[in-house]
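A quick write-up on the structure given underneath.
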Amino acid sequence: DAEITQSPRHKITETGRQVTLACHQTWNHNNMFWYRQDLGHGLRLIHYSYGVQDTNKGEVSDGYSVSRSNTEDLPLTLESAASSQTSVYFCASSDLGGLAANEQFFGPGTRLTVL
Amino acid sequence: DAKTTQPPSMDCAEGRAANLPCNHSTISGNEYVYWYRQIHSQGPQYIIHGLKNNETNEMASLIITEDRKSSTLILPHATLRDTAVYYCIGAREGGYQKVTFGTGTKLQVIP
Chain A
1 DAEITQSPRH KITETGRQVT LACHQTWNHN NMFWYRQDLG HGLRLIHYSY
51 GVQDTNKGEV SDGYSVSRSN TEDLPLTLES AASSQTSVYF CASSDLGGLA
101 ANEQFFGPGT RLTVL
Chain P
1 DAKTTQPPSM DCAEGRAANL PCNHSTISGN EYVYWYRQIH SQGPQYIIHG
51 LKNNETNEMA SLIITEDRKS STLILPHATL RDTAVYYCIG AREGGYQKVT
101 FGTGTKLQVI P
């Protein structure tokens with residue numbers, strides 16, 4: 001069955017380190033997204049991509065970067081981890097366009113702790 | 001995207017219908033209403049969407065008022081597994097436009 005996976009599921013790192021969170025989907029979806037979720041804030045969009053070589057900033061993109069070299073993967077990199085980036089991170093994907101573009105399929109999440 | 005307003009929490013007895021309201025008075029004519037839910041510690045799950053007609057699928061029904069300023073998600077026979085946070089979102093067709101999930105409604109289904 002097609003799916004979307006995230007790795008690692010849990011990560012503890014230190015302030016200042018570079019961290020990369022992986023997201024892989026097997027639906028062949030063009031659209032992929034990264035969100036973070038913190039208590040009291042709901043889901044906030046970090047970056048998104050409409051296809052290979054396309055990346056766009058979301059509402060909380062500072063300190064994060066993404067790259068899209070193929071359809072299946074959208075890794076999220078924290079250039080220099082900060083304690084404020086301690087959060088649960090969700091990756092999602094959706095089909096090309098039309099109404100299907102807003103039916104997003106979410107991964108299981110990665111819990112990141114920055115000490 | 002439209003700003004949506006939902007009550008922060010609701011309770012529902014198991015087996016009864018759960019009616020979750022959403023206010024979207026600023027929704028534009030080409031924006032659809034989408035509902036997602038998030039069960040504890042899991043990623044959100046798409047439930048249903050609609051434009052102006054009522055919609056039903058195997059998970060839920062969506063009732064949109066004629067003026068499109070509000071909608072209600074109905075879970076006809078709530079079970080304990082329906083305990084989750086429910087998000088109402090306004091979004092246009094044709095791709096992603098910085099959809100905002102907000103903080104949603106925490107539905108607690110009570111045995």
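Chains as they are written, first to last, in the working numbering: chain A, 1 to 115; chain P, 1 to 111. The beta carbon of each residue, even a glycine, is placed where N, CA and C say it ideally should be.
Quick one: grab the DSSP three-state call for residue i.
i	result
R44 (chain A)	strand
S84 (chain A)	helix
R81 (chain P)	helix
N19 (chain P)	strand
N102 (chain A)	helix
R36 (chain A)	strand
S67 (chain A)	coil
A91 (chain P)	strand
H40 (chain P)	coil
A2 (chain A)	coil
S7 (chain A)	strand
Residue i touches chain P at which residues, Cβ-Cβ below 7 Å?
i	result
E103 (chain A)	Y46
By the criterion of Cβ-Cβ separation under 8 Å, what are the contact partners of residue i in chain P?
i	result
P141 (chain A)	This structure does not reach residue 141 (chain A), given that chain A is present from 1 up to 115, and the question cannot be answered.
In chain B, what lies closer than 8 Å to residue i by C-beta?
i	result
T103 (chain P)	Note that chain B does not occur in the displayed structure, where the protein chains are A and P.
Which residues does DSSP pair with residue i in a beta bridge?
i	result
V52 (chain A)	V52 (chain A) is not bridged to any residue.
W35 (chain P)	P:I48, P:C88
V60 (chain A)	Paired residue(s): none; V60 (chain A) is not in a bridge.
Q108 (chain P)	P:D11
D73 (chain A)	A:H24
Report task. Check distances from the C-beta atoms of the stretch 25-47 of chain P to those of chain A and list, in chain order, the residues that come in under 9 Å. Result -> Residues of the stretch 25-47 of chain P whose Cβ lies closer than 9 Å to any Cβ of chain A, in chain order: Y32, Y34, Y36, Q38, S41, Q42, G43, P44, Q45, Y46.
Query raised in the report: Name the residues in the stretch 21-55 of chain A whose C-beta lies less than 9 Å from a C-beta of chain P; which are they?
Result: Within the stretch 21-55 of chain A, the qualifying residues are N31, F33, Y35, Q37, G40, H41, G42, L43, R44, L45, Y48, Y50.
Report task. Would you list, in chain order, the members of the stretch 66-92 of chain P that have their beta-carbon closer than 9 Å to a beta-carbon of chain A? Result -> For the stretch 66-92 of chain P, which is checked against every Cβ of chain A, the residues closer than 9 Å are V85, Y87, I89, A91, R92.
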